[in-house]
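As structure tokens, the structure follows; a few thoughts come after it.
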Amino acid sequence: MAELLTIQDEEKKLIQDAYRQLLRSIKSDMDEDDRKMIRKAYEIAVQAHSEQRRKSGEPYILHPIAVARICAEEIGLGPTAIACALLHDVVEDTDITLDEIELDFGHRVRKIVDGLTKLDNAYNAESPQAENFKKVLSTLVEDVRVVLIKMADRLHNMRTLGSMPRHKQLKIAAETSYMYAPLAHRLGLYNIKTEFQDLCMKIIDPENYRQVAEKLKETKRDREQYIQEFIAPLKQKLEEAKIKAQVLGRPKSIYSIWNKLNTKKVPFEEIYDLFAIRIVVDAPPEKEKLKCWQAYSIVTDVHTPLPERLKDWITMPKSNGYESLHTTVIGPGGRYVEVQIRTERMNEISERGYAAHWKYKGVSNQPDVYERWLDSVREVLDDPNSDAIEFMTDFKNNSLFQEEVYVYTPKGDMKMLPKGATALDFAFNIHTDIGYHCISIKVNNKLVPMGYKLISGDQVQVFTSKNQKPTEDWLKMVATGKAKAKIRSVMKEERRRKGEIGKEALERKLRNLKVDFEESVETLTKYYSLGSKIDLYYMLAIEDKTIPEIFRKFKVEHSKLVEIETEIHKPLTESTEVQQEQLQLRKPGVKARLLINGEPAERFEFTFATCCNPVQGDDIFAYLTASAGLKIHRSKCPNALHLMAQYGYRVMKAEWVITNDVSFLAELKIIGIDEGVGVIERLTHQLSTQLGLNIRKFSIEGDEGYFEGTVKLMVKNTEQLERAIQELQNLENISTVTRVS
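Just add 2 to the spot in the sequence shown (first one is 1) and you have the numbering used here.
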């Protein structure tokens with residue numbers, strides 16, 4: 003008993019220390035009412051979560067305190083947001099209600115906490131993640147603090163993922179990489195975005211993460227020495243010019259270095275810009291541009307610039323508010339170095355995004371980029387009946403875009419659109435009605451197709467006709483969320499109007515059968531896997547399915563429609579037990595090479611996904627498809643992020659049962675110097691004769707001294723595959739060997 007008391011006392015001290023650290027981290031000014039509000043939120047949260055523990059075994063309350071601290075310290079939010087962060091899980095996980103929150107803290111806090119609370123009915127939806135994310139974003143347009151607290155919540159969860167099972171770690175990391183990292187970028191939260199990317203890579207691709215981290219550690223001393231050598235003359239010249247500035251050198255993130263290695267297909271030793279030099283200039287608002295360009299002039303006097311690598315985001319800030327001058331110069335030893343030049347205001351906004359932006363609102367002459375962005379989110383959210391997965395995809399692809407194009411109206415007004423936007427997107431961007439009635443478009447005075455992809459500098463002129471209206475094909479011609487949402491809305495209305503004929507015919511039939519109309523419609527909608535009853539009526543109206551055809555498959559029992567066939571079509575549910583029952587389709591002769599949720603895989607119908615061709619030893623997961631049983635994917639599969647982020651509840655744990663009597667197909671891409679005759683013989687000799695591997699397919703193309711080849715091999719496991727890659731890489735005149743799938 004005494005020991006139990008000691009542990010409780012230790013935990014109380016731990017909780018109180020965490021709370022004191024939170025209070026010390028608050029940077030904003032607080033009055034007595036603010037202090038009382040935070041204290042009250044803390045006391046309610048401590049009491050509400052008193053019986054709960056995290057997966058790691060520590061008291062649950064430490065999580066909301068840590069989230070509140072991230073809000074205060076790393077995002078710079080004020081007292082209201084800190085109180086909401088302390089309360090963010092109480093409605094979802096405890097008996098406390100939103101009405102009680104409103105009584106204690108008022109309507110604003112209730113609204114934010116409600117935005118942070120998951121939907122109760124989301125488990126019935128096709129994608130609970132998408133439904134909940136849509137809810138968070140619908141609150142975003144009213145109060146951006148909801149999303150900022152959500153960011154802090156996700157960041158703390160990612161930092162403490164270690165105690166979760168591996169398949170859960172993969173799901174959370176995939177969702178973070180797919181949605182939260184781009185959203186952090188869009189809100190200008192550079193540090194949080196970078197940490198998200200690194201933490202996700204650590205989980206999804208631990209091997210490459212470890213390799214890059216070790217290489218950075220090994221080269222740390224040389225890098226630091228080089229940075230000092232690079233910045234010493236810069237500091238001297240800035241002082242001589244009487245420009246007050248801090249000159250800092252910082253390594254790039256592990257994720258961004260790996261991205262570069264992956265894109266350029268070169269070894270670590272050949273990546274020169276492993277670090278960026280940042281010059282933070284002390285300048286009053288009216289002299290910011292001038293001082294930054296003066297600093298740029300000094301940089302290019304000291305080191306040779308690469309003119310094509312100059313990026314001016316001071317004159318034209320990025321769509322997430324980012325302002326900075328970027329240039330790449332050739333430093334000592336011929337190494338490329340990226341230099342970023344900005345003022346202290348710009349630096350704070352680039353580090354802390356939206357929260358810092360409010361502090362400086364009106365200081366810069368730039369339009370309010372966040373208001374403009376929030377307007378675009380409102381437009382995507384316009385249709386309350388929109389499908390959550392469609393919405394999430396549109397939002398990710400368009401509202402979270404990382405690059406933009408700048409185009410102009412005939413009068414010279416500039417419009418910013420996501421990279422990949424089309425001429426028709428431009429029409430919808432000007433005004434919804436112009437989009438609806440667009441009949442033709444000229445770009446730079448030349449007639450172009452509506453699906454023409456815009457490039458920066460284009461001048462666009464839209465012609466309209468009141469008789470024109472959108473068609474289904476238009477969805478293929480647009481890329482932005484706003485245009486897609488508006489076209490879908492028109493299409494839905496058109497389907498609803500046409501569907502009235504089908505609805506009337508169905509009503510007559512069901513009235514004759516004496517069954518409940520609404521219940522029967524729901525049964526038929528589920529049976530045909532349709533998104534809504536409007537789709538059912540439309541299907542009947544266009545005679546894709548006829549009334550007699552439908553009712554040959556159903557009979558009436560106890561005043562209800564029942565399917566005549568023995569196998570009842572059931573919608574997928576979140577319950578793993580139900581999923582497993584659906585999959586008890588034994589396949590004789592299939593060897594159990596896997597465990598799925600701890601059970602031999604031979605109990606299930608499963609196949610290996612062709613998009614990533616898993617090989618024994620790969621980190622894998624099982625995904626329950628709607629109609630083809632289980633698919634086994636690699637956790638690094640190009641489709642993994644999308645599947646785990648949007649359909650996480652369909653993802654199941656999968657593990658290999660090691661065996662040597664099964665082979666797997668793997669594809670390699672080989673790039674090297676084309677020496678002429680003998681290249682193919684050398685490669686096939688190494689694989690077949692030296693390594694004893696069975697080559698299933700080989701193709702090669704050479705041009706101007708360079709060749710690119712692909713080879714499909716049968717291998718036992720990842721060890722054998724890695725050895726094949728290494729042996730090929732060691733051959734003379736081979737540049738890179740990479741696994742395609």
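Yeah, the Cβ is synthetic: ideal placement off N, Cα and C, and Gly gets one too. Source: prediction; values computed, not measured.
Here's the rule I'm using: 16 or more other beta-carbon atoms within 10 Å means buried, otherwise exposed. How should residue i be labelled?
i, result
"PHE623", "buried"
"VAL679", "exposed"
"GLY591", "Summary for GLY591: the model assigns pLDDT 43, below 50, so the residue's position carries little reliability; its value from the coordinates is reported in the next sentence. The residue in question, GLY591, is exposed, as its Cβ has fewer than 16 Cβ neighbours within 10 Å."
"CYS440", "buried"
"THR99", "exposed"
"SER690", "exposed"
"TYR182", "buried"
"MET203", "buried"
"ARG725", "exposed"
"ILE544", "exposed"
"TYR228", "buried"
"MET541", "buried"
"VAL564", "exposed"
"VAL149", "buried"
If you run the structure through DSSP and keep just helix, strand and coil, what is residue i?
i, result
"GLN296", "helix"
"GLY108", "coil"
"TYR649", "coil"
"SER255", "coil"
"TRP476", "helix"
"PHE430", "helix"
"ILE702", "strand"
"ASN126", "Confidence at ASN126 is low in this model, with a pLDDT of 46, below 50, so its placement is unreliable and no value can be given for it."
"SER442", "strand"
"TRP315", "coil"
"GLN227", "helix"
"THR578", "The predicted position of THR578 is uncertain, since its pLDDT is 43 and thus under 50; a value taken from the coordinates is nonetheless stated next. It is helical."
"TYR2", "Coverage of the chain is limited to positions 3 through 743, which leaves residue 2 absent and any answer about it impossible."
"ALA70", "helix"
"THR345", "strand"
"THR691", "helix"
Would you call the CB atoms of residue i and residue j closer than 8 Å?
i, j, result
"LYS486", "LEU477", "yes"
"LYS421", "THR345", "no"
"LYS255", "ASP200", "Before going further, note that residue 255 is Ser rather than Lys in the sequence given. The answer is yes: Cβ separation under 8 Å."
"MET716", "SER665", "yes"
"ILE536", "ARG497", "yes"
"ASP145", "LYS120", "no"
"LEU189", "GLY333", "no"
"VAL742", "GLN731", "no"
"MET646", "LYS173", "yes"
"ILE28", "ALA74", "yes"
"GLY711", "ILE702", "yes"
"LEU426", "VAL480", "yes"
"PRO307", "PHE277", "no"
Among the candidates the options, whose CA atom is the shortest distance from the CA of residue i?
i, options, result
"TYR410", "HIS439, LYS444, ASP435, VAL379", "LYS444"
"ARG652", "ALA628, VAL464, ARG636, SER637", "ALA628"
"HIS620", "GLU209, GLU45, LEU105", "Per the sequence shown, residue 620 should be read as Asp rather than His. Per the Cα distances, GLU209."
"LEU597", "LEU626, VAL659, ALA647, TYR529", "VAL659"
"GLN296", "ARG311, ILE343, ILE273, ILE457", "ILE343"
"VAL788", "ARG168, GLU216, LEU667, LEU515", "Outside the displayed span of the chain (3 to 743) sits residue 788, for which this structure offers no information."
"LYS291", "TRP315, LEU189, ARG499, ARG156", "TRP315"
"TRP260", "ALA215, PRO286, GLU551", "ALA215"
"MET418", "LEU532, THR82, ALA83, LYS320", "LYS320"
"ASP435", "LYS471, GLU405, GLU76, ALA423", "LYS471"
"GLN2", "SER58, MET32, ILE84, ALA175", "Past the boundaries of the shown model lies residue 2; the chain is included only from 3 to 743, so the question cannot be answered."
"GLY704", "GLU729, LYS195, LEU693, ILE673", "ILE673"
"SER737", "LEU693, LYS671, LYS468", "LYS671"
"ALA507", "ILE151, ILE549, LEU236", "ILE549"
"ASP31", "ILE151, GLY78, GLU340", "GLY78"
"ILE503", "LEU643, TYR539, MET318, THR466", "TYR539"
"ARG110", "LYS547, SER531, MET39, ASN159", "MET39"
Starting from residue i, follow its DSSP beta bridges and name the residues at the other end.
i, result
"GLU405", "In DSSP, GLU405 forms no bridge with anything."
"GLY674", "PHE709, ILE736"
"ILE332", "THR306, TYR338"
"LEU632", "PHE608, LEU626"
"MET181", "According to DSSP, which records beta bridges pairwise, MET181 is partnered with nothing at all."
"LYS655", "PHE623"
"LEU596", "TRP658"
When the cut-off is 8 Å and only beta carbons count, does residue i lie next to chain B?
i, result
"ILE273", "In summary, chain B is missing from the structure at hand, where a single protein chain is found."
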